[in-house]
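Novice:
2 protein chains.
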Amino acid sequence: MKRESKKIRIGNVEIGGNAPVSVQSMCNTDTRDVQATVRQIKELSDAGCEIIRVAVPDKEAAQVLGDIKKQIKIPIIADIHFDWRLAVEAINQGIDGLRLNPGNIGKRENIEKVVKLAKEKEIPIRIGVNAGSLEKELAQEEGDLSQKLVKSALKHVKILEDLDFNLIKISLKSSDVPVMIDAYRQIADIVDYPLHLGVTEAGTLKRGLIKSSVGIGTLLSLGIGDTIRVSLTENPVEEVYAGFEILKSLNLRQKGLNLISCPTCGRCQIDLINLAKQVEEKFRNIDKPVTVAVMGCAVNGPGEAKSADIGIAGGINEGYIFKKGEIIRKVNEKNLLLAFEEEFSKLLLEYH
Amino acid sequence: MKRESKKIRIGNVEIGGNAPVSVQSMCNTDTRDVQATVRQIKELSDAGCEIIRVAVPDKEAAQVLGDIKKQIKIPIIADIHFDWRLAVEAINQGIDGLRLNPGNIGKRENIEKVVKLAKEKEIPIRIGVNAGSLEKELAQEEGDLSQKLVKSALKHVKILEDLDFNLIKISLKSSDVPVMIDAYRQIADIVDYPLHLGVTEAGTLKRGLIKSSVGIGTLLSLGIGDTIRVSLTENPVEEVYAGFEILKSLNLRQKGLNLISCPTCGRCQIDLINLAKQVEEKFRNIDKPVTVAVMGCAVNGPGEAKSADIGIAGGINEGYIFKKGEIIRKVNEKNLLLAFEEEFSKLLLEYH
Numbered sequence: 001m002k003r004e005s006k007k008i009r010i011g012n013v014e015i016g017g018n019a020p021v022s023v024q025s026m027c028n029t030d031t032r033d034v035q036a037t038v039r040q041i042k043e044l045s046d047a048g049c050e051i052i053r054v055a056v057p058d059k060e061a062a063q064v065l066g067d068i069k070k071q072i073k074i075p076i077i078a079d080i081h082f083d084w085r086l087a088v089e090a091i092n093q094g095i096d097g098l099r100l101n102p103g104n105i106g107k108r109e110n111i112e113k114v115v116k117l118a119k120e121k122e123i124p125i126r127i128g129v130n131a132g133s134l135e136k137e138l139a140q141e142e143g144d145l146s147q148k149l150v151k152s153a154l155k156h157v158k159i160l161e162d163l164d165f166n167l168i169k170i171s172l173k174s175s176d177v178p179v180m181i182d183a184y185r186q187i188a189d190i191v192d193y194p195l196h197l198g199v200t201e202a203g204t205l206k207r208g209l210i211k212s213s214v215g216i217g218t219l220l221s222l223g224i225g226d227t228i229r230v231s232l233t234e235n236p237v238e239e240v241y242a243g244f245e246i247l248k249s250l251n252l253r254q255k256g257l258n259l260i261s262c263p264t265c266g267r268c269q270i271d272l273i274n275l276a277k278q279v280e281e282k283f284r285n286i287d288k289p290v291t292v293a294v295m296g297c298a299v300n301g302p303g304e305a306k307s308a309d310i311g312i313a314g315g316i317n318e319g320y321i322f323k324k325g326e327i328i329r330k331v332n333e334k335n336l337l338l339a340f341e342e343e344f345s346k347l348l349l350e351y352h
Numbered sequence: 353m354k355r356e357s358k359k360i361r362i363g364n365v366e367i368g369g370n371a372p373v374s375v376q377s378m379c380n381t382d383t384r385d386v387q388a389t390v391r392q393i394k395e396l397s398d399a400g401c402e403i404i405r406v407a408v409p410d411k412e413a414a415q416v417l418g419d420i421k422k423q424i425k426i427p428i429i430a431d432i433h434f435d436w437r438l439a440v441e442a443i444n445q446g447i448d449g450l451r452l453n454p455g456n457i458g459k460r461e462n463i464e465k466v467v468k469l470a471k472e473k474e475i476p477i478r479i480g481v482n483a484g485s486l487e488k489e490l491a492q493e494e495g496d497l498s499q500k501l502v503k504s505a506l507k508h509v510k511i512l513e514d515l516d517f518n519l520i521k522i523s524l525k526s527s528d529v530p531v532m533i534d535a536y537r538q539i540a541d542i543v544d545y546p547l548h549l550g551v552t553e554a555g556t557l558k559r560g561l562i563k564s565s566v567g568i569g570t571l572l573s574l575g576i577g578d579t580i581r582v583s584l585t586e587n588p589v590e591e592v593y594a595g596f597e598i599l600k601s602l603n604l605r606q607k608g609l610n611l612i613s614c615p616t617c618g619r620c621q622i623d624l625i626n627l628a629k630q631v632e633e634k635f636r637n638i639d640k641p642v643t644v645a646v647m648g649c650a651v652n653g654p655g656e657a658k659s660a661d662i663g664i665a666g667g668i669n670e671g672y673i674f675k676k677g678e679i680i681r682k683v684n685e686k687n688l689l690l691a692f693e694e695e696f697s698k699l700l701l702e703y704h
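Take a look at the structure:
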């Protein structure tokens, strides 16, 4: 069901082929501020981020990449627009990947310099087409935007292929989700390079989560996509959490708790919303793939959440703890969370 | 591209056929508490909720439905399990729709009583199959869960069709997103009844948004789905906002602002996250379909957000206001939001 794609490597992370779909993010620090950038990368990598991208707007930013690289453990991608010298400097600084559209570099000889060096050092290049920054002549053509994105990407691909370079990854982003879905679906049938999925300018937290989940989720459901970045106007740590939640929701990755909880209804006798939040908060950093259910009522709860490894169901002034649908313990409501923690800890021990 | 489905009516809301995809929610109040239930329905309806469902666990709850119905403006659906008398009472109380699985009612003569009355009053019935509460004999069978959901739904459908009743709507929910996607995709090809989409027990806010957006969004992208409910362990108002955001992200409905904002990067010189939040907050209740962009930099911002009707882009200690990609005004950073409000108000006047 998954689209077949070529495998490339960004540092020690495989992308494409049979590799798991990886989660990326991008720093929003000033890259030249090495300390702040390294601090953010560590925070993102602690949250699970597998590949990090940084903006390289000028020479000074390019020149500190080696210093940053030394202090971090995940592969780093330099995001470069227009200037071939920045790309060369970034590669010489030891970065693991480039995001660069060769058609925007200008003179052929300069493109060749970058591509030759990238080939030598086995540095993949992501062609990152964005609906908002399409080439003028393409943007003004009649026709469907998704087709234009594909056309633009193929133009960049051809430049690289003509230079016998094929460590390629492609993204076709738009803030319009159907455009982005259509574009990726089209290119998925034309080339076999791995695809980096994202919805651009997705917006503030809740809207951004929704737009990214719809766009990225739809494509992944169709078997398309090898690495993803959720882009949010928020602390990028949220991008990483969201990326993994999208992958987890489609059973493509496992990471930490899978929490299921019912929406509460007229049957619910306990403060379920808070209980679910407390469980989520308390066990955020558990790293075993356990499915935990927090359910409103003991009548339907344990049955509806049979698939959960462990769960809580509310009653009247009391609650139940269940495992795989079977009630194992009845406790007073005020001790519910505590008793749950106890049973949960026992369960976690079984995972060792 | 949209799947063809029969049209039914819940009160004055059309579902299926060429009707827009509608947004539903469910009260989490005790239905017997009429005041609290009516208050929540009004809050949900103010947020845009188009159809509301309430749990009807007992006779007392059924008997207050007429009283609730009188005080609200959106159609109401009674959620009933097992007891045919509650269904009859709910219909007599004037509700607009039922959620009830006829196979769980028991004696044939009792099913007939409910269906006869529903037919007489033209009250549609949603068959709501849920992975957690599958019939025992089905649950224990070998085979794929999504196929079992479909099988269960078709059994209930047959009961209604045999009684010559076809005001049917179907849901096939699971907390496992791929199961839910597969089940809906299968049944979409078998029957032409409208489909109610949802991921059940989706969880707390962020996880729930992601799971629901992936599941519901994927199906809608494929043209499947006539009405949706996002189910969250949260204030149900969030379900309504999320429902519309999913539909807006796929250009299936328009409602209020379409906010796009970039994820901030090393080039960003202003506090974009806060600026975007302020714009979102301030204009939350605008009900014109305006696309607003909040972008980090003046270099790429206006160009990348050309499709936006109006936007802000940050600079160094100053910012820009642009319309359709053209900068129309440059202002000091501290006056940026104010100047934006002024230009935005002018723009809104054009929508009258």
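Residue numbers (our numbering), protein chains in the order written: chain L, 1 to 352; chain A, 353 to 704.
We put the beta carbon where it would ideally sit given N, CA and C, even for glycine.
These numbers were taken from a predicted model, which means no experiment stands behind them.
Just to confirm the assignment, what range does the beta strand (DSSP E) spanning A:T616 have?
Specialist: Run containing A:T616: none; DSSP gives neither H nor E here.
Novice: Comparing C-alpha positions only, which one of L:I273, L:H81 and L:E238 sits nearest to L:T204?
Specialist: It is L:E238 whose Cα lies nearest to the Cα of L:T204.
Novice: Counting pairs of Cβ atoms below 8 Å between the segment 11-30 of chain L and the segment 210-219 of chain L, do you hit three or more?
Specialist: No contact exists between the segment 11-30 of chain L and the segment 210-219 of chain L.
Novice: Using a cut-off of 7 Å between C-beta atoms, extract the partners of L:T264 located in chain A.
Specialist: N380 and T585, listed in chain order.
Novice: Under 8 Å, with one C-beta from each stretch per pair, do the segment 90-104 of chain L and the segment 122-130 of chain L reach the 3-pair mark?
Specialist: Short answer: they touch.
Novice: What is the residue span of the alpha helix (DSSP H) that L:A183 lies within?
Specialist: Looking at the DSSP string, the run of the alpha helix (DSSP H) that includes L:A183 is V177 to I190.
Novice: Taking A:L490 as the query, report the chain L residues whose CB atoms sit under 9 Å from its CB, ordered along the chain.
Specialist: Under the 9 Å cutoff, chain L gives no residues; its nearest Cβ is about 13 Å from A:L490.
Novice: If we define contact as Cβ-Cβ less than 8 Å, is A:V566 a contact residue for chain B?
Specialist: This model lacks chain B altogether, as its protein chains are L and A.
Novice: Beta-carbon separation of A:Y536 and A:L524 under 8 Å?
Specialist: Yes. Within cutoff.
Novice: Output yes or no for whether 8 Å exceeds the beta carbon distance between A:I404 and A:I443.
Specialist: Against a cut-off of 8 Å, the Cβ pair of A:I443 and A:I404 comes out as no contact.
Novice: Any chance you could list the alpha helix (DSSP H) runs of at least 4 consecutive residues sitting entirely within the segment 405-437 of chain A, in chain order?
Specialist: For the segment 405-437 of chain A, whole alpha helix (DSSP H) runs of length 4 or above, ordered along the chain, are 411-415 and 417-422.
Novice: If we cut at 8 Å on Cβ distances, does A:C620 have a partner in chain L?
Specialist: A:C620 counts as touching chain L.
Novice: Measure the beta-carbon distance from A:S601 to A:M647 and round it to whole angstroms, keeping in mind my assumption that it falls under 8 Å.
Specialist: Not confirmed; about 19 Å, so no contact.
Novice: Under 6 Å Cβ to Cβ from A:R581, same chain only, skipping five residues before and after it: list those, please.
Specialist: Same-chain partners within the cutoff: Q376 and G550.
Novice: In whole angstroms, what separates the C-alpha of A:D578 from that of A:I542?
Specialist: Their Cα atoms are separated by approximately 16 Å.
Novice: Return the residue from the list A:A483, A:G608, A:S498 and A:N462 that minimises the CA-CA distance to A:I638.
Specialist: For the residues A:A483, A:G608, A:S498 and A:N462, the minimum Cα distance to A:I638 belongs to A:G608.
Novice: Output the residue ranges of the alpha helix (DSSP H) runs that lie fully inside the segment 442-523 of chain A and measure 4 residues or longer, sorted by chain position.
Specialist: 460-472, 488-492 and 497-514, all fully within the segment 442-523 of chain A.
Novice: Name, in chain order, the residues that DSSP records as bridge partners for L:G311.
Specialist: L:G311 is bridged to L:A293 and L:F322.
Novice: Does L:G223 get closer than 8 Å to chain A when you measure Cβ to Cβ?
Specialist: It does not: the Cβ of L:G223 has no partner Cβ on chain A nearer than 8 Å.
Novice: For L:S177, return the contacting residues in chain A, with the cut-off set at a CB-CB distance below 7 Å.
Specialist: The question names Ser, yet the displayed sequence has Val at residue 177 of chain L. Correct list: S601 and L602.
Novice: L:S22 lies in the beta strand (DSSP E); which residues open and close that run?
Specialist: Here the beta strand (DSSP E) through L:S22 covers S22 to M26.
Novice: Three-state secondary structure (DSSP) at A:K682?
Specialist: A:K682: strand per DSSP, three-state reduction.
Novice: If the criterion is Cβ atoms closer than 8 Å, does the pair L:P263 and A:S583 meet it?
Specialist: Yes, they are a contact pair.
Novice: My assumption, with CB atoms under 8 Å, is that A:I424 sits in contact with A:I393. Please give the rounded CB distance.
Specialist: Contact holds; Cβ gap of about 5 Å.
Novice: Rounded to the nearest angstrom, how far is the Cβ of L:V240 from that of L:G48, given a contact under 8 Å?
Specialist: So it is a contact: roughly 5 Å between Cβ atoms.
Novice: Determine the DSSP secondary structure at A:T389, reduced to helix, strand or coil.
Specialist: Residue state, collapsed to three classes: helix.
Novice: What did DSSP end up calling A:V589 once you bin it into helix, strand or coil?
Specialist: If DSSP states are grouped into helix, strand and coil, A:V589 belongs with the helices.
Novice: Ends of the beta strand (DSSP E) at A:V551?
Specialist: No beta strand (DSSP E) holds A:V551; DSSP gives it neither H nor E.
Novice: Can you give the Cα-Cα distance for L:A87 and L:V54, rounded to whole angstroms?
Specialist: Roughly 13 Å separates the two Cα atoms.
Novice: Residue range of the alpha helix (DSSP H) that A:I625 falls in?
Specialist: Segment L624 to K634, the alpha helix (DSSP H) holding A:I625.
Novice: Do the segment 61-68 of chain L and the segment 102-116 of chain L meet, that is, are 3 or more Cβ pairs less than 8 Å apart?
Specialist: The segment 61-68 of chain L, when compared against the segment 102-116 of chain L, does not touch it at the 8 Å Cβ threshold.
Novice: Drop a sphere of 10 angstroms on the beta-carbon of L:N332, count the other beta-carbons inside from all chains shown, and report buried for 16 or more, exposed for fewer.
Specialist: Exposed.
Novice: Taking the C-alpha atoms as reference points, what is the distance between A:K354 and A:A554?
Specialist: Approximately 25 Å, taken between the alpha carbons.
Novice: List the whole-angstrom C-beta distance separating A:R559 from A:P372, where the pair is believed to meet the contact cut-off of C-beta under 8 Å.
Specialist: Not really, about 28 Å apart at Cβ, beyond 8 Å.
Novice: Taking Cβ-Cβ distances shorter than 7 Å, what residues in chain A pair up with L:K211?
Specialist: Correct list: S601.
Novice: Considering only the alpha carbon of each residue, which of L:K211, L:V292, L:S133 and L:I68 lies closest to L:Q35?
Specialist: Ranking the options by Cα distance to L:Q35, first place goes to L:I68.
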